[in-house]
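Just remember that the numbering used here sits 385 ahead of the position in the sequence shown, which is counted from 1. Some notes on the structure that comes next.
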Amino acid sequence: MEHPENDQQYAALNVNEGVAQPPVINPYLQRRKKAALTVNDYVEGILKGNITILSRAVTLVESQAQEHQQLAQEVIEKCLPYAGKSRRIGITGVPGAGKSTSIDVFGLHVLKQGGKLAVLAIDPSSERTKGSILGDKTRMEKLSVEPNAFIRPSPSAGSLGGVARKTRETIVLCEAAGFDNIFVETVGVGQSETAVHSMVDFFLLIQLAGTGDELQGIKRGIMEMADGIVINKADGDNINRAQLAMAQFRNALHLFPLPPSGWTPEVLCYSGYYELGIPEVWDMIDRYFDFVHKNGYFNLRRQQQEKYWMYESIDETLKANFYNNSLIADMLKVKQQLILDSKQSSFMAAKDVLDVYFNLKEQ
């Protein structure tokens, strides 16, 4: 480019061409695509305890793509003979009860005794954006750097049933990879407790004291599912309130019938932040497993869970088949408009759609 400023009449001023700017992206950078793994590659890597391949297999399980789902099911089937040898522990509690902090210290206590630990955390997704923070690792600072710990947060994505199934399949993969302790942390709201209860051996309920009426925490449904109740943040000025809450929960448990296991749920206090009372909580869990192994309930519960998940899988498949049918999808749009225009009741619209669906299946 010519610069008029370089003309002789501007002898005192000289403008240079300047330096060409380097490209923003390194031209020598070559992005390498991950090599596609076969079913045998996945299974072999998982059985060797390869965390990278295990993570990729879990991603495969969580994928919505049809080809990924088919591959994932083949991997799970081949891993099944090596699964089932862990202790599965569900951990629930209201948001803010200190579940992640407690898992951090519980996990370290477990690892000190030997073995490996997998933490599967179901993270609530936004109803608006469908996104999740997936920040559980940041609240498990000590556990996240342990070589024998595997932490995997999964988004709930608004579909609790689907997440529950995927979490259960992830448990199978983790057990095949040699993890003998599995923690499953719930979202902490709604029906997530029921879903997690159906896939674990021990269900731990974390409660708080000094947050108002302790009896608000005594809900029949969740209390009946709990195999152990622990009062967190029993430290400093809160110790007396925690002990009072512990007494109230113990009294409340006497109002409920004895659970099928024959085990009477215990109530303990501890402090996750200050790591107080952790061995006592874990001793309670050890006593529970000894108890249910001796009376045969452990195997019975596992069998009941297998049967439950067979029916859950059938329900999910039927539901997906119904809504993915193009004819049904078009008919639903028409019926929805008729309902909005008050030209047909929702019950009759549903009956009409189902009649068409059943007729399709009979043909």
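All C-beta atoms, glycine included, are put in the ideal place defined by N, C-alpha and C. Quick caveat: nothing in here was measured; it's all calculated off a predicted structure.
Distance between residue j and residue i (C-alpha atoms, nearest Å)
{"i": "residue 564", "j": "residue 743", "result": "45 Å"}
{"i": "residue 550", "j": "residue 413", "result": "44 Å"}
{"i": "residue 519", "j": "residue 740", "result": "Note that residue 519 scores a pLDDT of 47, beneath 50, so its modelled location is shaky and nothing firm can be said."}
{"i": "residue 667", "j": "residue 658", "result": "16 Å"}
{"i": "residue 729", "j": "residue 690", "result": "41 Å"}
{"i": "residue 478", "j": "residue 578", "result": "9 Å"}
{"i": "residue 685", "j": "residue 725", "result": "49 Å"}
{"i": "residue 738", "j": "residue 715", "result": "10 Å"}
{"i": "residue 562", "j": "residue 454", "result": "20 Å"}
{"i": "residue 430", "j": "residue 411", "result": "34 Å"}
{"i": "residue 637", "j": "residue 644", "result": "14 Å"}
{"i": "residue 527", "j": "residue 663", "result": "15 Å"}
{"i": "residue 627", "j": "residue 619", "result": "5 Å"}
{"i": "residue 745", "j": "residue 707", "result": "11 Å"}
Exposure label - residue i; buried when at least 16 CB within 10 Å
{"i": "residue 554", "result": "buried"}
{"i": "residue 445", "result": "buried"}
{"i": "residue 702", "result": "exposed"}
{"i": "residue 678", "result": "exposed"}
{"i": "residue 532", "result": "exposed"}
{"i": "residue 530", "result": "exposed"}
{"i": "residue 516", "result": "Residue confidence for residue 516 is low, a pLDDT of 41 falling below 50, so the modelled location carries little weight; the figure read from the coordinates is stated next. Flag for residue 516 reads exposed."}
{"i": "residue 462", "result": "exposed"}
For residue i, the nearest candidate out of the options (CA to CA)
{"i": "residue 633", "options": "647, 649, 616 and 644", "result": "616"}
{"i": "residue 621", "options": "485, 486, 566 and 655", "result": "655"}
{"i": "residue 735", "options": "436, 713, 451 and 698", "result": "713"}
{"i": "residue 588", "options": "484, 625, 594 and 536", "result": "484"}
In DSSP terms, what residue i is bridged to
{"i": "residue 636", "result": "In DSSP, residue 636 forms no bridge with anything."}
{"i": "residue 570", "result": "476 and 506"}
{"i": "residue 616", "result": "592 and 654"}
Collapsed DSSP secondary structure at residue i in the structure displayed
{"i": "residue 750", "result": "Because the chain here runs from 386 to 748, residue 750 falls outside it and cannot be looked at."}
{"i": "residue 564", "result": "coil"}
{"i": "residue 483", "result": "coil"}
{"i": "residue 745", "result": "helix"}
{"i": "residue 651", "result": "strand"}
{"i": "residue 428", "result": "helix"}
{"i": "residue 368", "result": "Only positions 386 to 748 of the chain appear in this structure, which leaves residue 368 out of reach."}
{"i": "residue 499", "result": "coil"}
{"i": "residue 537", "result": "strand"}
{"i": "residue 750", "result": "Absent from the structure is residue 750, since the part of the chain shown begins at 386 and ends at 748."}
{"i": "residue 422", "result": "coil"}
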